[in-house]
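Counted the way my numbering counts, the sequence shown spans residues 602 to 976.
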Amino acid sequence: MQKMCYFDNAATTLISKAALDEYNNTALSFMGNPSATHRLGRTAHARLEECRSLIADVLGIKAEQLFFTSGATESISIVLSSLLWAKQPGEVILSAIEHEAVLSWASILQEKGWTVKTIRAKGGFVSPEELEGMISEKTKLVAVQMVNNATGAIEDIDALVKTVRRKESEYRKKIFFFSDAVQALGKVPFSLTALDVDGASFSAHKISGPRGVGALYLKKGSIQSLSKGGGQEKGVRGGTENLPAIAGFAEAVKEIHSSDGNVEEINAKMRELFQNAGIKLLSPEESYSPYILSITTPIPSEVMTRMLADRGFCVSSGSACSNNARGKAENVILSMGFSSKDAGGVVRISFAHTSSIIEAEALAEEIIKIVKEFR
Ligand code: PLP
602 MQKMCYFDNA ATTLISKAAL DEYNNTALSF MGNPSATHRL GRTAHARLEE
652 CRSLIADVLG IKAEQLFFTS GATESISIVL SSLLWAKQPG EVILSAIEHE
702 AVLSWASILQ EKGWTVKTIR AKGGFVSPEE LEGMISEKTK LVAVQMVNNA
752 TGAIEDIDAL VKTVRRKESE YRKKIFFFSD AVQALGKVPF SLTALDVDGA
802 SFSAHKISGP RGVGALYLKK GSIQSLSKGG GQEKGVRGGT ENLPAIAGFA
852 EAVKEIHSSD GNVEEINAKM RELFQNAGIK LLSPEESYSP YILSITTPIP
902 SEVMTRMLAD RGFCVSSGSA CSNNARGKAE NVILSMGFSS KDAGGVVRIS
952 FAHTSSIIEA EALAEEIIKI VKEFR
């Protein structure tokens, strides 16, 4: 099989050797169900809590504020479905550039009588002033992601939360601020406590951990959840905990926070190569995650990604860990104020801490060559 140079790490990453070892060791050595009262159950439970504390320490939060789930989609669903407990439907504000895991809740909430307002993100950024004008007495939740998965734009969560808190005191009503932090974990520095968000979602497979495991941060350490089951995770997420995957997740969190990869250098080099070749960047010039670089070319995304795949490079056309929702990925780019021509030619290049600068340069040269031939 042809060797592929992988630059689609915002969609998923290769599990690291250390995370896989931790997965295997835990699967083989901790066979009890963490809820069981016998000795093997108790040791499995202790291992579960050890993993929780490790991740919580790295995030600077209390262990009791962290809940394991099957991934960010489930973490998000737990928070958004909790609104359905409310006696009266209210209003939510979702940024237009959220991942489908969030945006797909708009129609469900509307069906249940909720008003869903969408806040745009011009140039990739949600404006606190615009948010201020949209919040009303009925607003119950605001969701703005920490890092956009299409362009890598880092949202000003601090200013957005402060705006929400001001409105809270004005209306004397609680507004839940949720931030999907999937593309931020281990990639850009942040403090959940300092940012004062009420909830945040995380996923292991974006940071070289196993698939099908993630976490939910809750400032208050609880939420009215629809995911009851056997009451695991203090009733926030029922179901037997996937202990081997959680152990792999904890290892991946540890690893990415102690790694000294050269992603910044790779990103800077690629930006320089593209700009010198007259290729337009969709990723912002400032406040961006070095792990994601989006460009647009005159060649349709699908054609470009296929041509690159034939030449041994994996990239994505848009925000796609959801290629099955391509139209929606394009909408995200359009809502940032880019033209439909720009949106049609998006190439998202995304890195892992193990990415190679030599392969990245080869990719940039290949894209530049294809564009030159086309012109
Ligand atoms: N949020 C963002 C920003 C993502 O990039 C993804 C990736 O798919 C998700 C949520 C969903 O994560 P998961 O695959 O863990 O459900």
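We treat Cβ as the ideally placed atom computed from N, Cα and C, and that holds for glycine.
His639 has its CB no nearer than 7 Å to any heavy atom of the ligand PLP. Within the same chain, Cβ atoms closer than 6 Å to the Cβ of Lys881 are found at Thr897, the five residues on either side in sequence being excluded. The C-beta distance from Thr719 to Ala697 rounds to 5 Å, short enough to fall under 8 Å. The beta carbon of Ser860 is closer than 7 Å to those of His954 in its chain, skipping five residues each way along the sequence. Contact annotation: Tyr889 and Ile755 have beta-carbon atoms nearer than 8 Å. Using a 10 angstroms sphere on the CB of Trp706, the tally of other CB atoms reaches 16 or more, which defines it as buried.
Minimum Cα-Cα distance from Glu712 among the listed residues Leu684, Val727 and Pro729 corresponds to Leu684. Taking the C-beta atoms as reference points, Val904 is found no nearer than 8 Å to Ile950. When Ile958, Ser957 and Val933 are compared, the shortest CA-CA separation from Val947 is found for Val933.
A distance below 8 Å separates the beta carbons of Ile808 and Thr614.
For the pair Val798 and Ala805, the CB atoms are not nearer than the 8 Å cut-off. About 6 Å separates the CB atoms of Ile677 and Val703; that is less than 8 Å, so the two are in contact.
In the three-state reduction of the DSSP assignment, Thr670 falls in the strand class, which pools E and B. Assignment of Phe778 by DSSP, reduced to helix, strand and coil, places it in the strand class.
Going by C-alpha positions, Pro885 is about 27 Å away from Glu974. In summary, Ile959 is exposed, with fewer than 16 beta-carbon neighbours lying within 10 Å of its beta-carbon over all protein chains present.
Within a 10 Å sphere around the beta-carbon of Gln784 sit 16 or more other beta-carbons, which makes this residue buried.
Cβ-Cβ distances below 7 Å link Gly836 to Ser826 and Lys829 in the same chain, with the five nearest sequence neighbours on each side left out; the list follows chain order. Only buried fits Lys768, as 16 or more other CB atoms lie within 10 angstroms of its CB.
The beta carbon of Ala851 sits no closer than 7 Å to any heavy atom of the ligand PLP.
Each residue's CA atom was taken as its position, placing Asp622 and Ala801 some 28 Å apart. In terms of Cα proximity to Glu887, the closest of Leu874, Lys821, Met602 and Ala869 is Ala869. Contact between Gly945 and Ser895 is ruled out by a C-beta separation of about 13 Å, above the 8 Å threshold. Here the alpha carbon of Ser780 sits roughly 8 Å from the alpha carbon of Val743. Remark: the shortest separation between the CB of Ser884 and any heavy atom of the ligand PLP does not fall under 7 Å. Per the C-alpha coordinates, the member of Leu732, Ala628, Ser654 and Ala751 positioned closest to Ser918 is Ala751. Comparing alpha-carbon positions, the option among Lys970, Val854 and Phe914 lying closest to Ser654 turns out to be Val854. Distance between Gln603 and Leu909, taken at the CA atoms: about 13 Å.
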